[in-house]
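Worksheet for the structure shown next.
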Amino acid sequence: MSCELPQVSTEIIIKKSRKEHKCCECYKVVPKGSSYQNISGIWAGEGATYKTCLDCMRLRNWACIQFKIGYLDDTGPGFGNLNEWLRDWDVDPEHQRQILKGEKEQCNSKEKEDDQKKTKK
Ligand SMILES: [Zn+2]
């Protein structure tokens, strides 16, 4: 009887911060009132929440596409390990962030829509 999977519910949403948060990837402060990605779930039996700024969220999305990994794959970058993980692949995370920022305008409006839907109570 070992085929039972632990119940894992992972939620990835974009929230508006009601107070300052620190990004778990770049350690920059997400100012009050700005959007960030909130990931909560259960890892190894422990509930945890990770907060990621939108720059890092884009970087992670990019990495998932680039290296063909699922968002929560074991082989992918763990939360808080994105920079390290990318360096292993000879990617400069800071440089890549800048590139992705340059494309910000293209997907911004969609993000805002999603944001509004999800922050509505
Ligand atoms: Zn960040």
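First residue of the sequence shown: 20, per the numbering used here; consecutive thereafter.
Built from N, CA and C at the ideal position, the CB exists for glycine as well.
Short check: CB of residue i to CB of residue j, under 9 Å?
{"i": "Lys51", "j": "Lys70", "result": "no"}
{"i": "Gly118", "j": "Met76", "result": "Here residue 118 is Ile; the residue named in the question, Gly, does not match the sequence. Taking 9 Å as the Cβ cut-off, Ile118 and Met76 do not qualify as a contacting pair."}
{"i": "Ile61", "j": "Ser36", "result": "no"}
Let me confirm a value: residue i is counted as buried when at least 16 other C-beta atoms fall within 10 Å, else exposed. Which label applies?
{"i": "Trp108", "result": "exposed"}
{"i": "Ser54", "result": "buried"}
{"i": "Val201", "result": "Since the first residue shown for the chain is 20 and the last is 140, residue 201 is missing from the structure and cannot be characterised."}
{"i": "Lys123", "result": "Low confidence applies here, because Lys123 scores a pLDDT of 49, under 50, leaving its location unreliable and the question unanswered by this model."}
{"i": "Asn102", "result": "buried"}
{"i": "Lys120", "result": "exposed"}
{"i": "Glu113", "result": "exposed"}
{"i": "Lys93", "result": "The question names Lys, but residue 93 is Asp in the sequence shown. That one is exposed."}
{"i": "Ser128", "result": "The pLDDT assigned to Ser128 is 48, lower than 50, so where the model puts this residue is not dependable; a value taken from the coordinates is nonetheless given after this. Looking at its Cβ environment, which holds fewer than 16 other Cβ atoms inside 10 Å, Ser128 is exposed."}
{"i": "Ala63", "result": "exposed"}
{"i": "Asp111", "result": "exposed"}
Am I right that residue i and residue j are in contact with their C-beta atoms under 8 Å? What's the rounded C-beta distance?
{"i": "Arg116", "j": "Leu91", "result": "Incorrect: roughly 21 Å between the Cβ atoms, too far for contact."}
{"i": "Ile84", "j": "Ile58", "result": "Their Cβ separation, rounded to whole angstroms, is 18 Å, which puts Ile84 and Ile58 out of contact at 8 Å."}
{"i": "Cys43", "j": "Phe98", "result": "6 Å"}
{"i": "Cys72", "j": "Lys38", "result": "Contact flag wrong, Cβ pair sits at about 15 Å."}
Requested in this report: Report the residue ranges of all beta strand (DSSP E) runs contained in full by the segment 36-67; include only those spanning at least 3 residues, in chain order.
Outcome: Correct list: 54-62.
Requested in this report: Could you name each continuous alpha helix (DSSP H) segment of 4 residues or more that falls completely within the segment 75-131, going from the start of the chain to the end?
Outcome: Every unbroken stretch of the alpha helix (DSSP H) spanning 4 or more residues and falling wholly within the segment 75-131 is given here in chain order: 101-107 and 112-121.
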